[in-house]
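Visitor:
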Amino acid sequence: MSSTVAHADHGHAHAHHPAQQHHFDTMAQQKEAAVIGMWLFLLTEILFFGGLFVAYMIYRVWYFDAFAEASRRLSLFWGGLNTAVLIGSSLTMALAVRAAQTNKRKATVNWLILTMILGCVFLGVKVIEYEDKFANHEVPGYNFDFSYHERHAAAEGHAPEASEHRELSLTPEQLQNTTQLYFSLYFTMTGLHALHMIIGVGIMLVITWMAHKGKFDGVYYTPVEMAGLYWHFVDIVWIFLFPLLYLVERHT
Amino acid sequence: MTIFGIPIFPEQASTFAKDVDALYFFILATCAFFAIGVSIAVVLLGLKYRKTHEGQIGARIEGNLPLELLWSVIPTIIAMFMFGWGASVYYHLRRPPDEALHLYAVGKQWMWKFQHLEGQREINELHIPAGRPVKITISSEDVLHSLYFPAFRTKMDAIPGRYTELWFEAQKPGTYHIFCTEYCGTNHAGMIGNVTVLEPAAYQAWLQGGGMEGTLAQRGAKLFNDLACQTCHLDTGQGRGPSLKDIVGTNVEFQDGTSAVIDEAYLRESILNSQAKIVKGYQPLMPTFQGLVSEENLVALLEHVKSMSPKATASSTAAAAPAAATPAPAAAEKK
Amino acid sequence: MLDKLKIPERHYLNNGHGLKSWLLTKDHKRIAIMYLISISVMFLLGGLFAMGIRLELATPQGDFVQADTYNKFFTMHGVIMVFFFLIPSIPAVLGNFMIPPMIGAKDLAFPRINLLSLYIYWIGGIFTLAAMVTGGVDTGWTFYTPYSASASNTHIIPTALGIFIAGFSSILTGLNFIVTIHRMRAPGMGWFRLPLFVWAHYATSLVQVLGTPVIAITIVMLFVERAFGFGIFDPSRGGDPVLFQHLFWFYSHPAVYIMILPALGVMSELVSTFSKKMIFGYSFVAFSSLAIAVFGFIVWAHHMFVAGISTYAAMVFSFLSFSVAIPSAVKVFNWTATLYKGAISFETPMLYAYGFMGLFLIGGLTGLFLATLGMDIHLHDTYFVVAHFHYIMVGGAIMGYMGGLHYWWPKMTGRMYSDFFSRISAILVFVGFNLTFFPQFVVGYLGMPRRYHSYPDEMQVLNVMSSAGASVLGLGYLLPVIYLIYSLKKGEVAGPNPYGASTLEWQTQSPPLTENFTEVPVVTGEPYEYEHVVAKESHLV
Amino acid sequence: MSDHASHGSGHISPISLYITIFLALMVGTALTVGAAFVDLGSLNFPVAMLIAVTKAVLVVWYFMHVKWQSHLTKLTLATGLFFLAILLGMMLIDYTSKDFIAMPRPTDAAGQMAAPEPASH
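Protein chains in written order, with our numbering: chain A, 1 to 252; chain B, 1 to 335; chain C, 1 to 541; chain D, 1 to 121.
(1) Distance, Cα to Cα, R105/A vs G214/A?
(2) Using a Cβ-Cβ cut-off of less than 7 Å, give me the residues of the stretch 23-40 of chain D that come near chain A, in sequence order.
(3) Out of V299/C, G238/C, H303/C, which has the shortest C-alpha to C-alpha gap to V316/C?
(4) List the residues of chain C whose Cβ lies closer than 9 Å to the Cβ of F187/A, in chain order.
(5) Work out the CA separation of I258/C and I36/A for me, nearest whole Å.
(6) Give me the Cα-Cα distance between L325/C and Y455/C, rounded to the nearest whole angstrom.
(7) Using alpha carbons as the reference points, say which of L298/B, L302/B, L272/B lies closest to T288/B.
(8) Do we get a CB-CB distance below 8 Å when we pair E458/C with the residues of chain B?
(9) For the alpha helix (DSSP H) holding M116/A, just list the boundary residues, first then last.
(10) Whose Cβ in chain D lies nearer than 9 Å to the Cβ of I46/A?
(11) Quick check on F100/D - is its C-beta less than 8 Å from some C-beta in chain A?
(12) Name the chain A residues whose beta carbon is nearer than 9 Å to that of L361/C?
(13) Residue range of the beta strand (DSSP E) that A13/B falls in?
(14) Please classify A307/C as buried or exposed, where buried requires at least 16 other C-beta atoms within 10 Å of its C-beta.
(15) With a threshold of 8 Å between beta carbons, is G214/A in contact with chain D?
(16) I'd like the span of the beta strand (DSSP E) that includes V261/B, first residue to last.
(17) Along chain C, which residues have their Cβ under 7 Å away from the Cβ of S97/D?
(18) If you reduce the DSSP assignment to three classes, tell me which class Y12/C lands in.
(19) I need the straight-line Cα distance from Y202/C to H77/C, nearest angstrom please.
(20) Using the beta-carbon of each residue, which ones in chain C are nearer than 7 Å to M156/B?
(21) Quick one: is P200/B buried, meaning 16 or more other Cβ sit within 10 Å of its Cβ, or exposed?
(22) So for A337/C, helix, strand or coil by DSSP?
(23) Quick check: is the beta carbon of P10/B nearer than 8 Å to any beta carbon in chain C?
(24) Residues of chain A with CB under 9 Å from K341/C, in chain order?
(25) Quick check for students: name the residue ranges of the alpha helix (DSSP H) that lie wholly in the stretch 111-194 of chain C, counting only runs of 4 or more.
(26) Using the beta-carbon count (16 or more within 10 Å), is S236/C buried or exposed?
(27) Using 8 Å as the threshold, is the C-beta distance between T125/C and F84/C below it?
(28) Taking the C-alpha atoms as reference points, what is the distance between G47/C and I87/C?
(29) State yes or no: is the C-beta of A13/B within less than 8 Å of the C-beta of A202/B?
(30) What do you get for D381/C, buried or exposed, if any count of 16 or more other CB atoms within 10 angstroms of its CB means buried?
(31) Quick check on S140/B: does DSSP put it in helix, strand or coil?
(32) So if I threshold CB-CB distances at 8 Å, which residues from the stretch 75-91 of chain B count as touching chain C?
(33) Taking 6 Å as the limit between beta carbons, can you name the residues of its chain near Q180/A, skipping five residues before and five after?
(34) Under the DSSP definition of a beta bridge, which residues are partnered with K196/B?
(35) Just verifying my parser: in three-state terms, what is the DSSP assignment at N251/B?
(36) Applying the criterion that 16 or more other CB atoms from any shown protein chain within 10 Å of the CB defines a buried residue, is I90/C buried or exposed?
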């Protein structure tokens, strides 16, 4: 590394963008750094959820019948609706980033607000679903009783659904235990996903405020883009969670 | 094997021991060759090429591809050889022969319970015949444990909810360590025992009931050892449990502030339901022996404990005899 | 020439005074100094627990402390040393300080995230220390289920949360390094002109970014199981306790490389600088770091050979485990070859480098015993394993850390430490270390299980040797605290390049300016060329 | 400065592209649900995953602009997927080759060591 220091100071040669930090030479360098940094962060997120998927994968293979049985307790309507809502929010987020790229302040703010609203709708639906689980004694470690639903239906005088007469290879005790395993994973996975959504909405609140204040322009809109990447990632996690949790085996 | 009185090598008491030790010496020799070789090279180079004057710099050598390949390929070959040898020993270790004598071991905080198919039950003690393969199926009642016989060079984890197994063929009669090697809580270090390798004839004799019964108290003393009571209840009072010397008839204070006079009923409760009354200053570590100690054995144990308090019991020998007989109805009440 | 040396008027240490100028700084060098202080405190704490362990094991009976206290000692020792000392040690202190000047950058790519990582580390530390103060935790640093999930009644949740939080600090540091190395290099600083220390940190950062999230999610699953009664690993509900071990070691085996890879990087710098010679086989040394990082992810189940994994899986993982040996061997051979025809001088950092070579050799080679299937069955969870990983983590990582700290101390502070005492300390550490841990190989082969509060009488002699060695080792570690602090005020002024090193960080003043260089450097030469450095050399021992 | 916007992550896609992707994702969702109600035997799970992966690729490629990003970004993403594959795949080595014996839970925790029949492999 000899004969190295030479007079070549690019950094101060031309005018700086106000958002440029002193240790970067150009805005392009700064932005590239941010994009790579964000992707590396998403990399950790992939492996974070990856650990959960491993646990899910193994137990699903071990206890497929229980998983199929428990998965039927989830509402396809709410799950499907939420998938649509989240995909919609991904679209609005992509449009928000596009508006920021083209330096349309008002549109950026509006798309961001719409994304947040859709995010909140998703969380609201999740609350409804969780409430249903509490009411049906399907919360592991709290009031878990897998047969409650069936007994409750019988007590109310409803004819039990056809699906509940399926022949199962599991004893009631095994079913109780292994469906509890399913619901433990269900709550952990959807709970962590919802936590990511809440954090995402929080980040977007800040970004929206910044956009409203006119902090971004066609050159500097990195925060909007980063929030977009994060939001799309959360969407992708749900794209996998939906079939894994709601659609284990619906055809019998 | 010892050097200057320091043990450096465990006994070779099973057929595996020789296989594993041969592998050990091979790896040791390989490693010593490289460790000593590189160390000597580094020291000699350091001495030979010591900087002699200010401003001196080293020769410009960027590298040498054939050399790099050489010292990548040679370790690879050695490593693959090591893997192959190790894998073959392992394969042998994991394949119990069909004719193996079958035993069960259950790990429980903090003891090993062994059961022979013939019906014998042992705690922290294991008797096996020499010269015959023994297969042990292992399970756990609570957390992870690991059954380890250093003299046989084998171990296996005990996993709750699952059976695992190990096998060995002991060769040398004698008594060797049993350890738990998977950390299992407070008294992990107390989860130890002895495996006694007997000549086949002696093993048969042991199976038949193993010699003289002795008096009740003597039998109790043996049980006291077999149940590993003595590992905690040291006479010195420094064990994990209180000393049992000269306690009968004395007043004892409990952790919740109450107190009681030590009599047979109290001793019985302390054995069967050990968490009920904890002596002040001690941890509730003692496992319950409900279901582990038969009524006969319980009486024998009580007799043994009382024999440790000669003064208190000498004056009331007459009273003790009927008292010892009372547990039977008491047990019926509990159920 | 020596008498002309002065501490420069402006440098990063006097650019702003007061607590606020430190706590709100974005300067990677100040953050590194704060990390240095934090991890030193943690090292001291972890060392105290180690002292408790060695005192207890001086006698076979469990007579110094109660069994549960002893269990808390080794657990807290492990947790603090692994998660709060070793993992941040070289990256967060030396890497943080040196990577930007080494590649000719003004700072890391994300200075605010760098500061954030320090705060996260502190918060994690507070959680874990709070758990310790309120009663501690007794599961061992491995937190194996179901003991940790249900049986133990100690403070597992705050401890695990502390580790979870500190994990994010590690992730952010790694992320920052990767982006910095990719995007912040000075003009002319190509990938093959990077100092090997930087290469090693690149590999380390990959492990941090890819491995740490897996331990994070494992802790989350342990948390929901313990806190809410969810059943994920609980065997009584059909869960698999061995799955926890799989997930745990998926991170915790590569975590060993988070500790050792930076130390290997330090070694490359030391060996080259103190033999005034270009490193032998630069690209092999550079790529072996990456190889170790990648191979590190496919060998984890060798921690589980007796944990009930299938025979087939054990063979696959044993086979793969040997793959790590090759790049490690390549590194050692290349350092040895670097010495050939060098101009070798034995300043303190080089003494540490020599010590490292010896200890890393033993640590690495004993790893072969444990990777070999038939052998590991006997050695698993005995003191042999304890000795092996201490040779790697203490003999390797901490020797590397100490060597690096001594090497860059004049750069960080502008002053030299006592030559005499630092040599004494390096020798004490080496001797004390071997005395402490070598007997543990023997006692391990005898069959002494790890985490034992008491042990059979015949093993006492070896344990007493170990305890005696530990006191020498402790002294060796305490000495630097004294002479390094002393050097801050009274040390001889070092000048920009006291060792005549060739890498870029030595071409700026000591201590450096906040922006590291007065002008953006343009790199024109290969790394480790000493031909032009000689003239600037100003301090020779 | 505006020349930066024309390359790298600064690519501006037409709104119609985003709408198309959105519609494709919705169709994908409908397909997943539909496929779950058809008995495809052992193919149900692969089909569901195939659709999910396709949807994820669309989001990554267009919504997240990876299509227009530098090689480094693509490499970063590939690295993540590679290590995720290691995590899932290597874990399966053990779980697919496991020869352990399922054990009924003993109900009497009192220490009754009911000796079960030796397991047949």
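Glycine is no exception: its CB is placed at the ideal position from the N, C-alpha and C atoms.
Guide: Walking through what the data contain:
(1) In the first sequence, the residue the question calls residue 105/A occupies position 105. In the first sequence, the residue the question calls residue 214/A occupies position 214. G214/A has its alpha-carbon roughly 7 Å from the corresponding atom of R105/A.
(2) L25, M26, T29, T32, V33, A36, F37, V38, D39
(3) For the purposes of this step, residue 316/C is identified with residue 316 of the third sequence, where counting begins at 1. The shortest C-alpha separation from V316/C is found at V299/C.
(4) Residue mapping note: residue 187/A aligns to position 187 of the first sequence, counting from 1. V224, F228, F230, listed in chain order.
(5) As a first step, residue 36/A is located in the first sequence; it is residue number 36 there, counting from the start. As a first step, residue 258/C is located in the third sequence; it is residue number 258 there, counting from the start. Approximately 21 Å, taken between the alpha carbons.
(6) In the third sequence, the residue the question calls residue 325/C occupies position 325. In the third sequence, the residue the question calls residue 455/C occupies position 455. The question names Leu, but residue 325/C is Ala in the sequence shown. Their backbone Cα atoms lie some 33 Å apart in a straight line.
(7) Counted from its first residue, the second sequence places residue 288/B at position 288. Checking every option, the nearest Cα to that of T288/B belongs to L272/B.
(8) In the third sequence, residue 458/C corresponds to position 458, counting from 1. Chain B, which has a Cβ nearer than 8 Å to the Cβ of E458/C, makes this yes.
(9) Taking the first sequence and counting its residues from 1, the one referred to as residue 116/A is at position 116. Where M116/A is concerned, the enclosing alpha helix (DSSP H) stretches over 105-135.
(10) In the first sequence, the residue the question calls residue 46/A occupies position 46. Ordered by position in chain D, the residues that pass the 9 Å Cβ test against I46/A are L77, G80, L81, F83, L84.
(11) One-based indexing of the fourth sequence puts residue 100/D at position 100. The predicted position of F100/D is uncertain, since its pLDDT is 43 and thus under 50; a value taken from the coordinates is nonetheless stated next. With 8 Å as the cut-off, F100/D does not count as an interface residue toward chain A.
(12) As a first step, residue 361/C must be located in the third sequence, where it is residue number 361. Result: empty, since nearest Cβ-Cβ is about 29 Å, beyond 9 Å.
(13) Counting from one through the second sequence, the residue named residue 13/B turns up at place 13. Here A13/B belongs to no beta strand (DSSP E), and DSSP marks it neither H nor E.
(14) Against the third sequence, residue 307/C aligns to sequence position 307. A307/C should be labelled buried.
(15) Translated into positions along the first sequence, residue 214/A becomes position 214. G214/A does not count as touching chain D.
(16) If you number the second sequence from 1, residue 261/B lands on position 261. In the DSSP assignment, V261/B falls within the unbroken beta strand (DSSP E) covering 259-261.
(17) As a first step, residue 97/D is located in the fourth sequence; it is residue number 97 there, counting from the start. What S97/D touches in chain C: S310, Y312, A313.
(18) By 1-based counting over the third sequence, the position of residue 12/C is 12. Note: Y12/C maps to coil in three-state DSSP.
(19) On the third sequence, position 202 is the one that residue 202/C refers to. On the third sequence, position 77 is the one that residue 77/C refers to. Those two C-alpha atoms are separated by around 28 Å.
(20) Against the second sequence, residue 156/B aligns to sequence position 156. Here the neighbours are V306.
(21) Here residue 200/B refers to the residue found at position 200 of the second sequence. Its Cβ having fewer than 16 others within 10 Å, P200/B is exposed.
(22) In the third sequence, the residue the question calls residue 337/C occupies position 337. Three-state DSSP puts A337/C in a helix.
(23) Start at 1 with the first residue of the second sequence, and residue 10/B comes out as number 10. Answer yes: the Cβ-Cβ gap between P10/B and chain C drops below 8 Å somewhere.
(24) If you number the third sequence from 1, residue 341/C lands on position 341. Going along chain A, no residue has its Cβ under 9 Å from K341/C, so there is no contact; the nearest lies around 19 Å.
(25) Whole alpha helix (DSSP H) segments, 4+ residues: 111-133, 156-183.
(26) Numbered from 1 along the third sequence, position 236 holds the residue referred to as residue 236/C. Classification of S236/C: exposed, given that the 10 Å Cβ count is below 16.
(27) Here the question's residue 125/C lines up with position 125 in the third sequence. Here the question's residue 84/C lines up with position 84 in the third sequence. Before going further, note that residue 125/C is Gly rather than Thr in the sequence given. Going by C-beta atoms, G125/C is nearer than 8 Å to F84/C.
(28) Counting from one through the third sequence, the residue named residue 47/C turns up at place 47. Counting from one through the third sequence, the residue named residue 87/C turns up at place 87. The straight-line gap from Cα to Cα measures roughly 16 Å.
(29) Residue 13/B sits at position 13 when you count from the first residue of the second sequence. Residue 202/B sits at position 202 when you count from the first residue of the second sequence. No. Outside cutoff.
(30) Residue mapping note: residue 381/C aligns to position 381 of the third sequence, counting from 1. D381/C counts as buried, since at least 16 other C-beta atoms from the protein chains shown sit within 10 angstroms of its C-beta.
(31) The residue given as residue 140/B occupies position 140 in the second sequence. S140/B falls in the strand class under three-state DSSP.
(32) Only P75, T76, A79, M80, M82, F83, W85, G86, A87, S88, V89, Y90, Y91 from the stretch 75-91 of chain B bring a Cβ to less than 8 Å from some Cβ of chain C.
(33) Within the first sequence, numbered from 1, the residue matching residue 180/A stands at position 180. Taken in chain order, the residues that qualify are P140, F144.
(34) For the purposes of this step, residue 196/B is identified with residue 196 of the second sequence, where counting begins at 1. One point to set straight first is that residue 196/B is Thr, not Lys, in the sequence displayed. BP columns for T196/B point to H127/B, T175/B.
(35) Taking the first residue of the second sequence as 1, we reach residue 251/B at position 251. Strand.
(36) By one-based count along the third sequence, residue 90/C stands at place 90. Result: buried.
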